[in-house]
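Data first, discussion second: the structure below is written as structure tokens.
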Amino acid sequence: MLQIILTSLKRIRRTPKSTGFTLFELIVVLMIIAAMVTVAIPYATRSNKSLKIKQECLSLAQAVEYVADLATDTRRPTRIVVDVKNNCYLLEAATGVNNHNYRPIKDFGGGIRHFGESVHIIDMTGFSVDGNEHCLVFEPARPWPSASISLTSGDTIKTITIKGKQVEISEDSNIQEEGKPAQNFSQG
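For the sequence shown, my numbering gives the first residue as 368, with consecutive numbering after it.
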């Protein structure tokens, strides 16, 4: 029995050279970690851009529904004004007797809403154009206008389509072909 205990103690006892890691082992482990981080970063940034564009699309779709409902509730025309040059949009309601003057709607998050820095407008259909501004007007007694607006972030594109009384957001798609850059609508 004593011999078993002594043998066990000899195994537990180590020389100072056998404890810890060598410099070579530490360098190999750090290189493996660096390689894993290098591979993971592009996926993380792509995912982050996808989340940003999704958030912008949801916000704009909510704004469309809000303006359309407000036109019905107040029995006055309302509109979304998209400023392509400044990459932002504004919600407005008609004022006055003739309904040709518009004022910003402060109730919906207030004032001008800018798209994120990495999100850009690449296409708009169904909007009336006045210089850099594109307007989509909702009349209280008329059906919703049919329109669409496409936003991009990196190689992801999402399209918001307004048809009937529905607002739909398309699924992600890849807009860049090999070696062909995406065209940015806001740059003209």
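C-beta atoms are modelled at their ideal positions from N, C-alpha and C, and glycine is treated no differently.
Here the structure is a predicted model, which means the values were calculated and not measured.
Among the candidates the options, whose CA atom is the shortest distance from the CA of residue i?
| i | options | result |
| --- | --- | --- |
| K530 | M398, I524, I516 and K421 | I516 |
| T519 | S485, V395, I536 and E500 | S485 |
| N454 | Y410, G387 and L427 | L427 |
| G483 | Y410, Q533 and K421 | K421 |
| N499 | A514, V449 and N465 | V449 |
| C424 | R509, I400, H481 and R446 | H481 |
| I479 | V451, S495, I489 and F494 | V451 |
| P510 | F388, G387 and P444 | P444 |
| T528 | G493, A508 and V404 | G493 |
| K419 | K525, K532 and Q533 | K525 |
| M491 | I447, T439, A402 and Y410 | I447 |
| I472 | V404, A438 and S513 | A438 |
Could you check what DSSP says for residue i in three-state terms: helix, strand or coil?
| i | result |
| --- | --- |
| T441 | helix |
| D490 | strand |
| E423 | helix |
| I472 | coil |
| V395 | helix |
| T462 | strand |
| G387 | coil |
| E545 | Confidence at E545 is low in this model, with a pLDDT of 39, below 50, so the placement of that residue is unreliable and no value is reported for it. |
When burial is assigned at 16 or more other CB atoms within 10 Å of the CB, is residue i buried or exposed?
| i | result |
| --- | --- |
| E535 | exposed |
| T523 | buried |
| E392 | exposed |
| R442 | exposed |
| H487 | buried |
| A430 | buried |
| R470 | exposed |
| A407 | exposed |
| I400 | exposed |
| A402 | exposed |
| A514 | buried |
Please name the residue or residues paired with residue i in a DSSP beta bridge.
| i | result |
| --- | --- |
| S414 | Paired residue(s): none; S414 is not in a bridge. |
| Y456 | V449 and R480 |
| D497 | E500 |
| S520 | T523 |
| I529 | A514 and V534 |
Is the Cβ of residue i closer than 8 Å to any Cβ of chain D?
| i | result |
| --- | --- |
| L390 | Of the protein chains in the structure, only one exists, and it is not chain D. |
Decide if the stretch 390–410 is in contact with the stretch 487–504; the criterion is three or more beta carbon pairs, one per stretch, under 8 Å apart.
no
Is there contact between the stretch 447–467 and the stretch 428–438, where contact requires at least three CB pairs shorter than 8 Å?
yes
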